[in-house]
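S.K.: Residue numbers (UniProt numbering): 1 to 217. Glycine included, each C-beta is placed from N, C-alpha and C at the ideal position. This one's a predicted model, so the numbers in the text were calculated from it and none came from an experiment. Sharing a structure, written as structure tokens. Questions coming.
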């Protein structure tokens, strides 16, 4: 009996570990596409920077770091619950690290490194941009496609989202997804660009979750 209980607990522990280690799905990524057009009957919403964020998480063999980046501005055009077109700018200079206390010198060191030319080079590329190219809903699940321009590269990504209209406000919230940073030329300690890194590499996958809130213009 004890052996059966032990076996059962072992299975539960392994199952829990597997669920906890489940990675977010990588966004479908392809070449940039033509940006969607706006029709006269769509409703225009202006992005609220104070209520909108992009959460990020990066991984390496010894652990991970996470934080947020602010949304600078943007416009979203919606027609009958469908995102028809729009663009929003991500303020790369606002990048913050959240898993290290703000007063810890390592916080400033890490955020400064992420903003440097090793990673996102925010002095040269202060903003990233997402421009809508398409929106589909199948079996009750919606996906938003758009051109993500970051640094000197632009690719089209498709991400699962939920769109909620509430009075004069519309909220677009994505599920957690990943992008491959190497496709935007973020090269530091990437196995896609450098060999013989051993266990000193940093994963190419960056985990993201987008939450954009916009108010009727």
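#1: If we call anything under 8 Å between Cβ atoms a contact, is residue 82 one with residue 135?
#2: Which residue comes first and which comes last in the beta strand (DSSP E) that contains residue 140?
#3: Name the two residues that bound the continuous beta strand (DSSP E) containing residue 220.
#4: How many Å lie between residue 168 and residue 174 at the Cα?
#5: Does residue 166 come out as helix, strand or coil in the three-state DSSP assignment?
#6: Between 85, 100, 125, 148, which has its C-alpha nearest residue 38's C-alpha?
#7: Which class does residue 73 belong to by DSSP, given the choice of helix, strand or coil?
#8: Look at residue 27 and residue 202 and say whether their C-beta atoms are less than 8 Å apart.
#9: Determine the DSSP secondary structure at residue 89, reduced to helix, strand or coil.
#10: Only counting the same chain, and skipping five residues up and downstream in sequence, which positions put a Cβ closer than 8 Å to that of residue 148?
#11: Indicate whether residue 90 and residue 122 have their beta-carbon atoms separated by less than 8 Å.
#12: Taking Cβ positions, are residue 187 and residue 197 nearer each other than 8 Å?
#13: Could you please give the first and the last residue of the uninterrupted beta strand (DSSP E) stretch that includes residue 55?
M.R.: To lay it out plainly:
#1: What you label residue 82 is simply residue 82 of the chain shown in a count that begins at 1. What you label residue 135 is simply residue 135 of the chain shown in a count that begins at 1. Yes, they are a contact pair.
#2: Walking along the chain shown from the start, residue 140 turns up at place 140. Element bounds for residue 140: n/a, residue is neither H nor E.
#3: In the structure as shown, the chain starts at 1 and stops at 217, and residue 220 therefore has no counterpart that could be examined.
#4: Residue mapping note: residue 168 aligns to position 168 of the chain shown, counting from 1. Residue mapping note: residue 174 aligns to position 174 of the chain shown, counting from 1. Between residue 168 and residue 174, the C-alpha separation is close to 20 Å.
#5: Against the chain shown, residue 166 aligns to sequence position 166. If DSSP states are grouped into helix, strand and coil, residue 166 belongs with the strands.
#6: Residue numbering aside, residue 38 sits at position 38 when the chain shown is read from its first letter. Selected option, being the one with the closest Cα: 85.
#7: The residue labelled residue 73 in the question sits at position 73 within the chain shown. Three-state DSSP puts residue 73 in a strand.
#8: The count along the chain shown starts at 1 and reaches residue 27 at position 27. The count along the chain shown starts at 1 and reaches residue 202 at position 202. No, these two residues do not count as a Cβ contact at 8 Å.
#9: Along the chain shown, one-based indexing puts residue 89 at 89. Residue state, collapsed to three classes: strand.
#10: The residue given as residue 148 occupies position 148 in the chain shown. Closer than 8 Å at Cβ, skipping near neighbours: 128, 129, 130, 154, 155, 156, 157, 179, 184.
#11: Counting from 1 along the chain shown, the entry for residue 90 is found at position 90. Counting from 1 along the chain shown, the entry for residue 122 is found at position 122. Going by C-beta atoms, residue 90 is not nearer than 8 Å to residue 122.
#12: In the chain shown, the residue the question calls residue 187 occupies position 187. In the chain shown, the residue the question calls residue 197 occupies position 197. Result no, Cβ atoms of residue 187 and residue 197 do not sit closer than 8 Å.
#13: As a working mapping, residue 55 is identified with position 55 in the chain shown. Per DSSP, residue 55 belongs to the beta strand (DSSP E) from 53-60.
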